[in-house]
Amino acid sequence: MAYAYFLGCIMNNRYPGIEKSTRVLMDKLGVELADMEGASCCPAPGVFGSFDKETWATIAARNITIAEDMGAEILTECNGCFGSLHEANDLLKEDADMKCKVNSSLSEIGREFKGSTGVRHFAEVLYNDIGLDKLSEIMEKDLNLNVAVHYGCHFLKPSDELQIDNPKNPKILDELVEITGAKSVPYADKMMCCGAGGGLRARDKEVTTSFTKEKLDNMTAANVDAIIDVCPFCHMQFDVGQTEVNEQYGTNFAIPVLHLAQLYGLAMGLSPEECTLDKQVVDPSCLVEKMNTPKEEAAEE
Amino acid sequence: MSLLNESEYLITEKDIDPTFKEEIMANGSDSLAVCYQCGTCSGACPSGRRTPYMIRRLVRKALMGMKEDVISDDALWMCTTCYECQERCPRDIKIVEIVKAIRNVAAHEGYMAKAHKMTGSYVAKTGHAVPINDATKALRKEIGLSEVPPTTHACPGALEEVQTLIKATAFDELIGYDWATGNLKE
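Which chain is which? The protein sequence lines are A and B, in order. 719 is the number of the first residue of the first sequence in the numbering used here; add one for each residue after it. -8 is the number of the first residue of the second sequence in the numbering used here; add one for each residue after it.
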């Protein structure tokens, strides 16, 4: 089993521990991640999709042609990249006029969108292609953590097109998280957006920060040890954004943020440093201490 | 004095561009036409709870052809594309596609935030909206990854391809990108 591994921007260029954890995980699972040499930004739906649909579709199509040439489906672990590439792939398979325009531009660089591959999200591939049983086998630790699972928006929605799980009451990520021993704790408005998407973070950070504050309030009320996401953009918003919330509102939130791949990294026995958690804005030390305490002992306390 | 046709709040023909609706339907979604203004979208919208963004009103104005009114409104950019409105719409209207289509018109008419143009310029310059930096290069190396990821960052030919496409679709002109300096012209 091989996938064309689409890196995107934020994971590889800001949070490389997510990439490292993923490569180790897939290696242990015997799944080949083939690099998409020369891939670019997906491109960012909030800017390219909002500014010029044709440019957005054309740059996305170039990325897709790299996977088409490899004869593999694309695997990405960013909701934004997944949303952008999946939507563009569908659009170009259905809209002959747009496909014609896009292929006219692609011909200038000797490429052609054929519509011969698919776009998959990391978490969905783990759940559907690998399965929870096989994943459980490679987890070495039983993490004592209560976590807030954040699905983000573009992993499940638009649900009529993606068909991954019920977008109002999904289970897929919670189940993927809980094989590590961590408990997915319910919290108010769990499916709400982090606030970063659609170009809002760049356009009006105070509004974005107010979204994040609401999420953090609800997660804090549920008394969680960490936030688990499947999108490096949400990840950055919760990590960097937590300081911005504290500045804007005079709060002192400090909830460590982990991408699902990093949670698996810790459960497989990678160090927090290998998952680059020590280089994130929010200090992970309380999380690291808590996750290694035996569950019975914690219950007695 | 008669108030007939006096109010600044009256919407008249001068506020309507009859081609706008068709443009949004063609580039966004035909489903725009079937909105019956129930307001479920606004009830679902997290941005509407904290900003002047009113998605029901935006859809109605688009349907009426109030082009200048909607494209000049800063609130248009408050949507995070979270899809909560679209998921709940009883008429299955592809609301997010409509918002993006309206934003496309706004962008082409000059209503673009500098910060958004900057993001576009990073892609034109490096292939990435968030390019790598020295700290991440060092960190990648430290944990056993390639210092530079195997993307446009590691492949000048690939970056040239992306740049060729940005010229082919005139995105460089749209954001005012200066190829000589690698920055925005303004």
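Yeah, the Cβ is synthetic: ideal placement off N, Cα and C, and Gly gets one too. No experiment lies behind these values; they were computed from the predicted model shown.
Test item: CB-CB of residue i and residue j under 8 Å
i	j	result
residue 750(A)	residue 719(A)	yes
residue 93(B)	residue 139(B)	no
residue 733(A)	residue 961(A)	no
residue 978(A)	residue 865(A)	no
residue 776(A)	residue 160(B)	yes
residue 141(B)	residue 755(A)	yes
residue 985(A)	residue 861(A)	yes
residue 904(A)	residue 940(A)	yes
Residue i, DSSP secondary structure in three states
i	result
residue 142(B)	strand
residue 723(A)	strand
residue 1005(A)	helix
residue 686(A)	Any answer about residue 686(A) is impossible in this case: the structure gives chain A only from 719 up to 1019.
residue 41(B)	coil
residue 837(A)	strand
residue 781(A)	helix
residue 121(B)	coil
residue 945(A)	strand
residue 977(A)	strand
residue 903(A)	coil
residue 791(A)	strand
residue 862(A)	coil
residue 874(A)	coil
Spatial distance of residue i from residue j (CA atoms)
i	j	result
residue 131(B)	residue 83(B)	45 Å
residue 1007(A)	residue 982(A)	17 Å
residue 35(B)	residue 77(B)	9 Å
residue 723(A)	residue 780(A)	15 Å
residue -1(B)	residue 6(B)	11 Å
residue -6(B)	residue 758(A)	59 Å
residue 1022(A)	residue 134(B)	Shown here, chain A extends from 719 to 1019; a query on residue 1022(A) therefore has no answer.
residue 129(B)	residue 137(B)	10 Å
residue 784(A)	residue 72(B)	27 Å
residue 168(B)	residue 176(B)	6 Å
residue 1003(A)	residue 988(A)	15 Å
residue 49(B)	residue 854(A)	48 Å
residue 731(A)	residue 1(B)	51 Å
Pick from the options that is closest to residue i, judged by C-alpha positions
i	options	result
residue 739(A)	889(A), 840(A), 849(A)	840(A)
residue 876(A)	124(B), 75(B), 63(B)	75(B)
residue 148(B)	25(B), 162(B), 116(B)	116(B)
residue 745(A)	804(A), 926(A), 844(A)	844(A)
residue 30(B)	17(B), 20(B), 97(B), 44(B)	44(B)
residue 933(A)	870(A), 948(A), 890(A)	870(A)
residue 767(A)	169(B), 99(B), 167(B)	99(B)
residue 915(A)	1005(A), 763(A), 893(A)	763(A)
residue 157(B)	959(A), 747(A), 773(A)	773(A)
residue 68(B)	81(B), 39(B), 126(B)	39(B)
residue 104(B)	143(B), 86(B), 52(B), 63(B)	63(B)
residue 56(B)	173(B), 15(B), 41(B)	15(B)
For residue i, the first and last residue of its enclosing alpha helix (DSSP H)
i	result
residue 898(A)	Residue 898(A) -> no alpha helix (DSSP H), and no H or E assigned at all.
residue 922(A)	Neither: residue 922(A) is in no alpha helix (DSSP H) and is coded neither H nor E.
residue 961(A)	950 to 967
residue 14(B)	11 to 18
residue 999(A)	Counting along the chain, residue 999(A) falls outside any alpha helix (DSSP H), and DSSP gives it neither H nor E.
residue 753(A)	From DSSP, residue 753(A) is part of no alpha helix (DSSP H) but of the beta strand (DSSP E) over 750 to 753.
residue 35(B)	31 to 35
field: Chain-ordered residues of the region 749 to 779 of chain A with a beta carbon less than 8 Å from chain D
entry: Chain labels in this structure do not include chain D; the protein chains are A and B.
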